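Below is one structure, written out as structure tokens, with a few remarks after it.
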Amino acid sequence: MDQTPHNKSGNQPFPGTVAELRRQLDYYRDVIESIGDGYFEVDLEGNITQVNEALCQITGYSRKDLIGLNNRDYTTPETARKMYDIFHSIYTTGKSAQVENYEVINVSGAHQLFELSASLILDSANRPVGFRGVVRDVTERHQMEIALQESEARYRHVFNAIPDSLLVVDDRGFCMDANSMAREQFIPKDQDIHTLNFKDCLDSSASKIMNQFMEAVRFRGFFHREITARSAIGETFTADLRGSTIVLEGEPHFLVMFRDITELKERARETRLQNRDLTLLNEINMAVNTGESLDEIIDRIAQGTKEMFSGLGAAIYILDEKKQALVLRNTSILQPFLNRVRPIIDITSPEFVIPLNSRHLYLDVLWSGKSRYFLTAADIHEVLASFAGLAPIKSRLLKRMTGTLLGQIYRILGLREIYTVPLISDGEPLGIMDMGTRTNYTLDDLRRIDRLARQVTTIIRRVQAQEERKVALELAQRADRVKTLFLANMSHEIRTPLNSILGFNEILKNEYESSAPDRLKPIFSMVRNSGERLFRTVHEILDISQIESGTFTLKPESFDLVPILADTILTLEPQALEKGLTLTFDSSLSSLTITADRYCITQAISNLVENAIKYTEEGWIDVKMKRKNGTTQLVVEDSGIGIAEDYLERMFDTFSQESTGTTRRFQGIGLGLSLTKRYLDMNQVSLDVHSIKGKGTRFVLQFPDS
């Protein structure tokens, strides 16, 4: 007898007993709880009716918190709308569906990304009653994908930012990938990148170079060679080709790098040429420094340019003093030419002087300051005509055949081009430089010649200035010798009879002063004072001339300064008393040993004290010596007429006095202070002046420690 329960209709058997149903329910519940992914069931309104423990752990919510929540409660608005559309599709079609990037807000408020697989729940009558689904947390995987995408984007950016052309090719040379530079350089816009072959990037011997490349990279791991590459539009350029291996998806490929070195090689060539130019200029400068003459310097320039430009070398013309003609200064450059053209033109003198008449072709170059390029035979004939006109031509017939004559010269020289550059110094024309070549000048050659001409101009002007200074120095030395000899003779011729006059004056004074009438007695003193004044003037002139000519000889020695000061005060005190002045000497030092020229120091101090007496009408003169701030100072101060502020700056000039003209109040030729300053400077003694007009002057001497 069938013991299986039946439903009310009697047609369908029940799955089993209540116990069996519970057993199956527990089984399915255990299965759901044991899976690692989250499981949920929602009703048709989207309210959660069932979850497993895994979903609780993934989201951080408890089962109690989740049951009853709606999709809108734990997802973003965008995800809620997405879920509504998915569930609606499942409800309508009855088919399960999957959702990627299902965004959930967990219990901590953080956003998590899920993958969702959902299906329809039917009741026993096959009516939809809800939805069930399985979710998997893909937040970490999504973050890794984003990181990988960002990393790939960074590497792709770096790959494209590399200024060299990079190709990834297979073992047949076909391109698998290329950076931006390679796409721009080698791949036409309408061409598929994968149709480009390595050989298409090479100009000649493409197959041979590609095979060498592949073989070298396979066996040695690298390739490096300079080749000629060809761009997508057919232009060729010099490239540095390098290669290595790279593994993509487990398969070996080749990484090919093209670096355009055309500009680099051009710069290297320019650098080599500039170095040659600098070498020539350095050699010329060294020759200038060693004192070579202008003609020797110009010959060096001609020889150097001959080697640099494979031509005839520079022919340099300098304007004469009247600026009416150009004189060729390096005639040696034309000597081989002269030997060959002597049968045509009778040139007996190596000197070339080109008069600058109003129609001369060099005149425009010289005064416009612009270079001129002679390219055609007619241009060069015009240049050579300048030379042809310098010497008598042997035959009258040849005079009428100037064109033929010049043609012969032209063929002998083999000139194809002449470049004429003006030599301008500080806006003034100095001369011109002709550069002839048997080949052709490039634009770079012309730039180099222009640059060289500027340097040559500076060098020539420098040599000219040196020669001018040399001549001026010789004249000055000659004049100085004449002046020194004159001063020595004058000193001798004046002092010798002056000594006799002063000597005889003393004899006459001793013999006749007591018996002479009172009106004649002052004459003896007047003669003595005038003679001593003249004697002192001669000494000052001789000293200043020797100092300025550099023939004054210092005789340094160690001596005590205090006795010299005392003697100076004692000697000059009568002059002060005669004017009713007080002259005092105060020293806190009993002795002071210095090392200097005794004569210079004595004369300087005597001049300062005597000057103070001279320019003080009433009052006092104080001389003090003291130690201050570790140094020794000598102060000469007076209550005299003072010095005007505008005269202080030039008071030490030779033959300078504040009052000038025949009506000046004080006698003298203006050498006292000038000599004093020079005496002290030669002995490293500083001199400061402080003065107020009408109130007095203070001189401060500061002596260096011995």
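If you count by my numbering, then the sequence shown holds residues 10 to 715, one letter each, in order.
For glycine and all other residues, C-beta sits at the position ideal for the given N, C-alpha and C.
Predicted model, so just to flag it, every value in this text is computed and none were measured.
Original post:
Buried or exposed: which applies to R457, given that a residue is buried once 16 or more other Cβ atoms fall within 10 Å of its Cβ?
Top reply: On the sequence shown, residue 457 is found 448 positions in, with the first residue counted as 1. Counting Cβ neighbours within 10 Å, R457 comes out buried, since at least 16 surround it.
Original post:
Any chance the stretch 218-232 sits against the stretch 192-204, with 3 or more Cβ pairs inside 8 Å?
Top reply: Because the criterion of three Cβ pairs below 8 Å is not met, the stretch 218-232 and the stretch 192-204 do not touch.
Original post:
K91: buried (16+ other C-beta within 10 angstroms of its C-beta) or exposed?
Top reply: By one-based count along the sequence shown, residue 91 stands at place 82. Flag for K91 reads buried.
**OP:** Starting from R234, trace the beta strand (DSSP E) both ways and give me its first and last residue.
**Re:** Mapped onto the sequence shown, residue 234 falls at position 225. Unbroken beta strand (DSSP E) run through R234: 232-239.
**OP:** Taking M317 as part of the alpha helix (DSSP H), name the residues at either end of that continuous run.
**Re:** Residue 317 sits at position 308 when you count from the first residue of the sequence shown. Element bounds for M317: 303-318.
**OP:** Verify whether the separation of the beta carbon atoms of D212 and R239 is less than 8 Å.
**Re:** The sequence position of residue 212 within the sequence shown is 203, counting from 1. The sequence position of residue 239 within the sequence shown is 230, counting from 1. Yes, Cβ-Cβ distance for D212 and R239 is below 8 Å.
Original post:
What number of angstroms, rounded off, separates the C-alpha of R338 from the C-alpha of L287?
Top reply: The sequence position of residue 338 within the sequence shown is 329, counting from 1. The sequence position of residue 287 within the sequence shown is 278, counting from 1. One C-alpha to the other measures close to 23 Å.
Original post:
What is the residue span of the alpha helix (DSSP H) that M660 lies within?
Top reply: Within the sequence shown, residue 660 is the residue found at index 651, counting from 1. The continuous stretches of alpha helix (DSSP H) do not include M660, and DSSP gives it neither H nor E.
Subject >> Environment of R636 [buried if 16+ CB atoms lie within 10 Å] >> reply: Locating residue 636 in the sequence shown gives position 627, counting from the first residue. It counts as exposed.
Subject >> Start-to-end residues for the beta strand (DSSP E) that takes in T58 >> reply: Counting from one through the sequence shown, the residue named residue 58 turns up at place 49. Per DSSP, T58 belongs to the beta strand (DSSP E) from 57-60.
Original post:
At least one CB of chain C closer than 8 Å to the CB of P172: is that the case?
Top reply: Structure shown: chain C not included; a single protein chain is present.
Subject >> S213 in three-state terms, based on DSSP >> reply: Taking the first residue of the sequence shown as 1, we reach residue 213 at position 204. Of the three classes helix, strand and coil, the one that applies to S213 here is coil, per DSSP.
Original post:
Does the Cβ of M153 have 16 or more other Cβ atoms within 10 Å, making it buried, or fewer, making it exposed?
Top reply: As a working mapping, residue 153 is identified with position 144 in the sequence shown. Burial state of M153 is exposed, judged by a 10 Å Cβ sphere holding fewer than 16 other Cβ atoms.
**OP:** Less than 8 Å between the CB atoms is what I'm expecting for I76 and V60, so what's the real figure, rounded?
**Re:** Along the sequence shown, read from residue 1 onward, the residue named residue 76 stands at position 67. Along the sequence shown, read from residue 1 onward, the residue named residue 60 stands at position 51. Right, their Cβ atoms sit about 7 Å apart.
**OP:** Give the DSSP bridge partners of N334, in chain order.
**Re:** Start at 1 with the first residue of the sequence shown, and residue 334 comes out as number 325. Per the sequence presented here, residue 334 reads as Ala, with Asn not at that position. Per DSSP, P364.
Original post:
Would you call the CB atoms of D82 and V144 closer than 8 Å?
Top reply: By one-based count along the sequence shown, residue 82 stands at place 73. By one-based count along the sequence shown, residue 144 stands at place 135. Not closer than 8 Å, so no.
Subject >> DSSP three-state assignment for A225, whether helix, strand or coil >> reply: In the sequence shown, residue 225 corresponds to position 216, counting from 1. Note: A225 maps to helix in three-state DSSP.
Subject >> Distance, V116 Cα to L122 Cα >> reply: What you label residue 122 is simply residue 113 of the sequence shown in a count that begins at 1. What you label residue 116 is simply residue 107 of the sequence shown in a count that begins at 1. So the alpha carbons of these two residues sit roughly 14 Å apart.
Original post:
Is the Cβ-Cβ distance between D631 and D690 less than 8 Å?
Top reply: One-based indexing of the sequence shown puts residue 631 at position 622. One-based indexing of the sequence shown puts residue 690 at position 681. Cβ distance not < 8 Å, so D631 and D690 don't count as in contact.
Original post:
In whole angstroms, what is the alpha-carbon distance linking T254 and F195?
Top reply: Position 245 of the sequence shown, counted from the start, is the residue given in the question as residue 254. Position 186 of the sequence shown, counted from the start, is the residue given in the question as residue 195. Here the alpha carbons of F195 and T254 stand approximately 21 Å from one another.
Subject >> Residue burial classification, R687 (beta-carbon count within 10 angstroms, cutoff 16) >> reply: Indexing the sequence shown from 1 puts residue 687 at position 678. The residue is buried, with at least 16 neighbouring Cβ atoms inside 10 Å.
Original post:
Are at least three pairs of beta-carbons, each pair with one atom in the stretch 579-591 and one in the stretch 603-611, less than 8 Å apart?
Top reply: Because the criterion of three Cβ pairs below 8 Å is not met, the stretch 579-591 and the stretch 603-611 do not touch.
Subject >> Close Cβ partners of Q734 (< 7 Å) along its chain, the five nearest in sequence each way excluded >> reply: Since the first residue shown for the chain is 10 and the last is 715, residue 734 is missing from the structure and cannot be characterised.
**OP:** Out of G703, I325, S599, N79, point me to the one whose CA is closest to L461's CA.
**Re:** For this step, residue 461 is matched to residue 452 along the sequence shown. Check the Cα spacing between L461 and each of G703, I325, S599, N79: the tightest is with I325.
**OP:** May I ask you to report which of helix, strand or coil DSSP gives Q33?
**Re:** One-based indexing of the sequence shown puts residue 33 at position 24. In this structure, Q33 counts as helix in the three-state DSSP scheme.
Subject >> Opposing strand residues paired with T641 [DSSP bridges] >> reply: As a position in the sequence shown, residue 641 is number 632, starting the count at 1. R636, F712.
Original post:
What is the DSSP secondary structure of Y130, counted as helix, strand or coil?
Top reply: Start at 1 with the first residue of the sequence shown, and residue 130 comes out as number 121. At residue 130 the sequence reads Ile, which differs from the Tyr that was named. Collapsing the DSSP output to three states places I130 in a strand.
Original post:
Looking only at its own chain, which residues have a Cβ that is under 7 Å from the Cβ of G440, when we skip the five neighbours before and after it?
Top reply: Along the sequence shown, read from residue 1 onward, the residue named residue 440 stands at position 431. These residues qualify, in order along the chain: I325, Y326, I327, L328, L335, L432.
Original post:
Of all the options Y111, G118, P172, which has the alpha carbon lying nearest to the alpha carbon of T88?
Top reply: Here residue 88 refers to the residue found at position 79 when the sequence shown is read from its first residue. Closest by alpha carbon: Y111.
**OP:** Would you give the residue range spanned by the alpha helix (DSSP H) that A290 belongs to?
**Re:** Indexing the sequence shown from 1 puts residue 290 at position 281. In the sequence as displayed, the identity of residue 290 is Leu instead of Ala. For L290, the enclosing alpha helix (DSSP H) covers residues 271-298.
Subject >> Three-state secondary structure assigned by DSSP to K702 >> reply: Within the sequence shown, numbered from 1, the residue matching residue 702 stands at position 693. Look at K702 here: in three-state DSSP terms it is coil, with no helix or strand label.
Original post:
Since A127 contacts S105 with CB under 8 Å, what's their CB separation in whole angstroms?
Top reply: Here the question's residue 127 lines up with position 118 in the sequence shown. Here the question's residue 105 lines up with position 96 in the sequence shown. Cβ-Cβ separation between A127 and S105: approximately 6 Å, consistent with a contact (criterion under 8 Å).
Original post:
What did DSSP end up calling A89 once you bin it into helix, strand or coil?
Top reply: The residue you call residue 89 lines up with position 80 of the sequence shown. Helix.
**OP:** For the beta strand (DSSP E) holding V144, just list the boundary residues, first then last.
**Re:** For this step, residue 144 is matched to residue 135 along the sequence shown. Unbroken beta strand (DSSP E) run through V144: 137-146.
**OP:** Counting only the same chain and skipping the five closest in sequence on each side, list residues whose C-beta sits under 7 Å from that of K530.
**Re:** Reading the sequence shown from its first residue, position 521 is the one you call residue 530. Excluding its 5 nearest sequence neighbours in each direction, K530 has C-beta neighbours in its own chain below 7 Å: E522, listed in chain order.
Original post:
What is the DSSP secondary structure of G436, reduced to helix, strand or coil?
Top reply: As a position in the sequence shown, residue 436 is number 427, starting the count at 1. It is coil, neither helix nor strand.
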